[in-house]
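*Asks:*
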Amino acid sequence: MNNLFVHAINDFKKARQKAAMQGILARITGKPTELLSYEEVRQQLRAIEGSKTVLRDIPLDAIVGSVGRSKDFTRNFLPLTDSDQDRWARVMAGTASLSGLPPIEVYQIGEVFFVFDGNHRVSVARELEANSIQAYVREVRTRVNITPDIQPDDLITKAEELDFFEHTQLDKLKPDTDFRTTHPGQYPVLLEHIEVHRYFMGLDEKRDISYEEAVLHWHDEVYSPIIEIIWERGILRHFPQRTEVELYLWISQHRVELEEALNWQVGTAEAAGDLEYRFSKEFSLRFSRLISKIYDAVTPDALEDGPAPGLWREETQKRVNQENLFANALVLVSATDGDWLALEQSIILAKREEGQIQGLHVVNTKDEIDVELPLNLKAEFEERCNLAEINGQMAIESGAVARIVCERSHWTDIIVTKVTYPTEDRLSARFGSGLRTMIRRCPRPMLVVREQVSEMKHALLAYNGTPKSKEALYLAAYLASKWDIQLSVLLIEHEEVDVDALYAEAEAYLAKQELRVNFIRHESGERSEIILNTAKENVCDFILMGGYKSSSVVEVFLGSIVDEVLRETEIPLLICR
C-alpha cells in the first residue's frame, strides 16, 4: 500500500467524521443535509430528458443530487458509508497524477445538476476545495426553474408551480411577471383566485368566460395592480423574506379580514398600508407603534393632537391609479339627523368623486347593536344609497363615538357628519366635546354639515398660512380644478400675519394649477364673523379652513376660531388637517 493511498484513507476517515458531525448538527438545527434524488425530482417536475451532451466546467456548489446514490453522500458530498472507503481513496490518490479527475456525467435541471456517473469524483473534488469540475452535461427540460439553494421541501412548491403554469400558461402569456414563491400551498390559492374571478366576470358580463380570458383579466386587473402597490409603497423592503406572490396573497387575505371586522369595504391600498404598519419588523415602525400605544394609554382623548399636518396629503400622494381624493367617505349616521343631511351631503360628494360611502352608527353597548332602531337606520341608509345609485355599506359599533370614528377614518378619505349642537364656548364643554376630539385626532379632513346641504359649487377658503391652512389650500386647489367650481380666497389682516406674503404664497400656488381665483382681503376684526359674512356676501355654499391652530391644551382653555365658525355657520364647513 503506497503512501498516497494511505493518506487518501486518512482523508476518507476525516470526511466521514465531518459527515457524522453534519448529521448531528442537522438534527439540532432541522436543516436537511440529504442529496436530492434525480428520479424523484424529474417525476415531480415532469421533466423531459434531452439527448445532446456538452462537455464543460460546472460549479460544484450547483450539484445538488444524484442518480441512484442520493443516500450514500451528504448534500455537499461527504461520504456516508464505510464501504466506499477503498473506492473513494483510489479516486483521491489518482488526483496526484498529471491527468487529474476525468469528467463526470450529469443531468441539468434549471440551474442545478444531478450526478449520473462520478459521485466519488465529486466528493473528492469537494474535499480538495475545488470550485468546479469538468462534466458531460445533458439538459433536462421543465417549465420551472430550480436553483442550487433548493431543499427537499421546496420540491412540493416547485411541483405546485408547474401545475400552476400548466393550468394558466402564465409563464408564456406573461413571461415578465415574477410568480416565485417559497412556501407550498400558495399556487393552489392563486388558482382559486382565478376561478373566483372568472365566476364573477361571467356574472358581470352575462356570458361564458374562457379560462385564458379570465387568467389574463385577473393578471391585469387584480394581480398586477396589487404588485404595483407593493412596489410603490416599498413593502418588499419591510418583508425581505417574502416574494411578490406571497405579499399579494397576504394583502388579499388581510383585506378580507379587515372587511369582516369592519363590516365595510376596504381598499387594497389601505389594506396594504395597514399590513405594512402593523407587521413590519423595521425599527422605525416598531418604535412608532410602541410610542403610539403609550401615548394613547396615558393621554386623555381631549388632549391628544392627532397626526402631524400634511400627513394625509403624503398618504394620498402614495396612491396608485387613484385620481380622486375622496373616493371613500365615512358618514356618521345619527338618530338625531332626522333629515339625513350628512348622508345627503355624502351622496353629493360621492357622485362628484365617483366614490362610495361607508356609514357608521355608534351605540353605547354591544347589546344595542341588534335592536330595532340601529337596524332600521341601516335599512334606510342602504335604501337611500340604492336610490342614489351609490355603493354604500353601514356598520354598527358600540363605544365612544369620537374614538371609533378616529379609528375607522383610517380606512376612508373624508369624514362627513351632521352637527346639531356644536361645542359651546365653555372650558368644560370643550374638554368633553366629542366633535372637538374628532377634529383634532382624526387623520382625515372632516366635512361638517350644520343646517343645510351644499351642492359644493362655490368654496370660500379662509387662508392664514398655518400648516393646516396650507392643507386647506391644497384641497381647495384640487376641488376647483377637479370639480371645476368657483373658489374665493379670504385673507384677513391680523397682527400675527403678513397678508402680502400670504397673498403671494397662495396666488403663486394656485397659478401653477392654472386656476382663476377671487382673492378677498379684509381688514382686521372678529375673524369668525368676517369669514361667515364673506361667505354670505359672495354666495359661497361651503367653507374650507385649517383645523385647530394651537396645541390641544391651549385650545381647550382658550377656544378656537374653528369652533366659533361652527357655532354660527349654516353652510357646511370642510376642516383640513
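According to the numbering used here, the sequence shown is numbered sequentially starting from 335.
Beta carbons: idealized from backbone N, C-alpha and C, even for Gly.
1) Taking the beta carbon of residue 467 as the centre, do at least 16 other beta carbons fall within 10 Å, making it buried, or is it exposed?
2) So what's residue 632 in DSSP terms, helix, strand or just coil?
3) The beta strand (DSSP E) with residue 386 in it runs from where to where?
4) I'd like to know if the stretch 529-547 and the stretch 596-603 are in contact, where contact means that at least 3 CB-CB pairs between them fall below 8 Å.
5) Expressed to the nearest angstrom, what Euclidean distance is found between the alpha-carbon atoms of residue 438 and residue 451?
6) For residue 807, which residues in the same chain have their Cβ closer than 7 Å to its Cβ, ignoring the five residues on either side in sequence?
7) Considering residue 793, what are the terminal residues of the alpha helix (DSSP H) in which it resides?
8) Using DSSP's beta-bridge definition, name the partner residues of residue 476.
9) So, with DSSP's three-state summary, where would you put residue 770?
10) Tell me whether residue 401 sits in a helix, a strand or coil according to DSSP, three-state version.
11) Is the beta carbon of residue 477 less than 8 Å from the beta carbon of residue 442?
12) In this structure, how does DSSP classify residue 464 when only helix, strand and coil are distinguished?
13) Go through its chain and collect everything with a Cβ distance to residue 712's Cβ below 6 Å, but skip five positions before and after it.
14) Starting from residue 710 and walking both ways along the alpha helix (DSSP H), at which residues does that stretch end?
15) Compute the distance between the beta-carbons of residue 791 and residue 820, then report whether it is under 8 Å.
16) With three or more beta-carbon pairs closer than 8 Å as the criterion, would you say the stretch 745-757 touches the stretch 683-695?
17) For residue 678, collect the residues of the same chain with a Cβ closer than 7 Å to its Cβ; drop the 5 residues on either side in sequence, then sort them by chain order.
18) Apart from the five residues just before and just after residue 697, which ones in its own chain have a Cβ nearer than 7 Å to its Cβ?
19) Report the residue ranges of all alpha helix (DSSP H) runs contained in full by the stretch 793-824; include only those spanning at least 4 residues, in chain order.
20) So, residue 751 versus residue 780, is the Cβ gap smaller than 8 Å?
21) Return the chain-ordered list of same chain residues with a C-beta closer than 8 Å to the C-beta of residue 632, the five sequence neighbours on each side being excluded.
22) Could you pull out every residue in the same chain whose Cβ sits closer than 7 Å to the Cβ of residue 489, ignoring the five residues on either side in sequence?
23) Give the straight-line distance between the Cα atoms of residue 682 and residue 694, rounded to the nearest whole angstrom.
24) Can you tell me the Cα-Cα spacing of residue 370 and residue 405, whole angstroms?
25) Note down, in chain order, each residue of its chain lying with its Cβ closer than 6 Å to the Cβ of residue 879, except the 5 sequence neighbours on either side.
26) Which residues does DSSP list as the beta-bridge partners of residue 451?
27) Compute the beta-carbon to beta-carbon distance between residue 461 and residue 349, rounded to the nearest angstrom, for a pair I have assumed lies under 8 Å.
28) Would you call the stretch 809-828 in contact with the stretch 847-854, where contact means no fewer than 3 C-beta pairs closer than 8 Å?
29) Any contact between the stretch 513-526 and the stretch 478-498? By contact I mean 3 or more CB pairs, one from each, below 8 Å.
30) Is residue 502 helix, strand or coil when you go by DSSP?
31) Mind the definition here: the stretch 410-418 touches the stretch 342-358 only if three or more C-beta pairs lie below 8 Å; say whether that holds.
32) Counting C-beta neighbours from all protein chains within 10 Å, is the total for residue 436 16 or more, i.e. buried, or is it exposed?
33) With a threshold of 8 Å, are at least 3 pairs of Cβ atoms found where one atom belongs to the stretch 544-556 and the other to the stretch 521-532?
34) If we count the other Cβ atoms within 10 Å of its Cβ and call it buried at 16 or more, is residue 351 buried or exposed?
35) In its own chain, which residues sit with a C-beta less than 7 Å from the C-beta of residue 563, not counting the 5 before and 5 after it?
36) Could you compute how far the alpha carbon of residue 876 sits from the alpha carbon of residue 817?
*Replies:* Reading off the structure:
1) To locate residue 467, count along the sequence shown from 1; it is residue 133. Counting Cβ neighbours within 10 Å, residue 467 comes out buried, since at least 16 surround it.
2) Translated into positions along the sequence shown, residue 632 becomes position 298. Low per-residue confidence applies at residue 632: pLDDT is 48, beneath 50, and the placement is therefore not dependable enough to give any value.
3) Translated into the one-based positions of the sequence shown, residue 386 becomes position 52. Counting along the chain, the beta strand (DSSP E) containing residue 386 begins and ends at 382-393.
4) no
5) Taking the first residue of the sequence shown as position 1, residue 438 is located at position 104. Taking the first residue of the sequence shown as position 1, residue 451 is located at position 117. Rounded to whole angstroms, residue 438 to residue 451 spans 6 Å at the Cα level.
6) Working through the sequence shown from its first residue, we reach residue 807 at position 473. So the qualifying residues of the chain are 795, 797, 840 and 843.
7) Counted from its first residue, the sequence shown places residue 793 at position 459. Here residue 793 belongs to no alpha helix (DSSP H); instead the beta strand (DSSP E) covers 792-796.
8) Taking the first residue of the sequence shown as position 1, residue 476 is located at position 142. BP columns for residue 476 are empty, so no partner.
9) Reading the sequence shown from its first residue, position 436 is the one you call residue 770. Reduced to three states, the DSSP call for residue 770 is helix.
10) Looking up residue 401 in the sequence shown gives position 67. Correct three-state label for residue 401: coil.
11) Here residue 477 refers to the residue found at position 143 of the sequence shown. Here residue 442 refers to the residue found at position 108 of the sequence shown. No, Cβ-Cβ distance for residue 477 and residue 442 is not below 8 Å.
12) Mapped onto the sequence shown, residue 464 falls at position 130. Coil.
13) One-based indexing of the sequence shown puts residue 712 at position 378. Within the same chain, residue 712 has close Cβ partners 728.
14) Here residue 710 refers to the residue found at position 376 of the sequence shown. First-last of the alpha helix (DSSP H) with residue 710: 706-721.
15) The residue given as residue 791 occupies position 457 in the sequence shown. The residue given as residue 820 occupies position 486 in the sequence shown. Going by C-beta atoms, residue 791 is nearer than 8 Å to residue 820.
16) yes
17) Taking the sequence shown and counting its residues from 1, one reaches residue 678 at position 344. For residue 678, where only same-chain residues beyond five positions count, the Cβ hits under 7 Å are 787.
18) Residue numbering aside, residue 697 sits at position 363 when the sequence shown is read from its first letter. These residues qualify, in order along the chain: 703, 708, 730 and 732.
19) 801-817
20) The sequence position of residue 751 within the sequence shown is 417, counting from 1. The sequence position of residue 780 within the sequence shown is 446, counting from 1. In contact: residue 751 and residue 780 (Cβ atoms closer than 8 Å).
21) Taking the sequence shown and counting its residues from 1, the one referred to as residue 632 is at position 298. Annotation note: pLDDT 48 at residue 632 (below 50); position unreliable, no value reported.
22) Walking along the sequence shown from the start, residue 489 turns up at place 155. Only 375 and 378 meet the Cβ criterion.
23) Stepping through the sequence shown from its first residue, residue 682 is reached at position 348. Stepping through the sequence shown from its first residue, residue 694 is reached at position 360. Distance between the alpha carbons of residue 682 and residue 694: 18 Å.
24) Here the question's residue 370 lines up with position 36 in the sequence shown. Here the question's residue 405 lines up with position 71 in the sequence shown. Roughly 9 Å separates the two Cα atoms.
25) Your numbering for residue 879 matches position 545 in the sequence shown. Answer for residue 879: 796 and 806, listed in chain order.
26) For this step, residue 451 is matched to residue 117 along the sequence shown. In the DSSP output, where bridge partners are listed per residue, residue 451 has 439.
27) By one-based count along the sequence shown, residue 461 stands at place 127. By one-based count along the sequence shown, residue 349 stands at place 15. With a Cβ gap of about 6 Å, residue 461 and residue 349 count as contacting.
28) yes
29) yes
30) Position 168 of the sequence shown, counted from the first residue, corresponds to residue 502. Here residue 502 sits in helix by DSSP.
31) yes
32) Locating residue 436 in the sequence shown gives position 102, counting from the first residue. The residue is exposed, with fewer than 16 neighbouring Cβ atoms inside 10 Å.
33) yes
34) As a first step, residue 351 must be located in the sequence shown, where it is residue number 17. It counts as exposed.
35) One-based indexing of the sequence shown puts residue 563 at position 229. 602, 603, 606 and 654, listed in sequence order.
36) As a working note, residue 876 is residue 542 in the sequence shown. As a working note, residue 817 is residue 483 in the sequence shown. Distance between the alpha carbons of residue 876 and residue 817 is about 14 Å.
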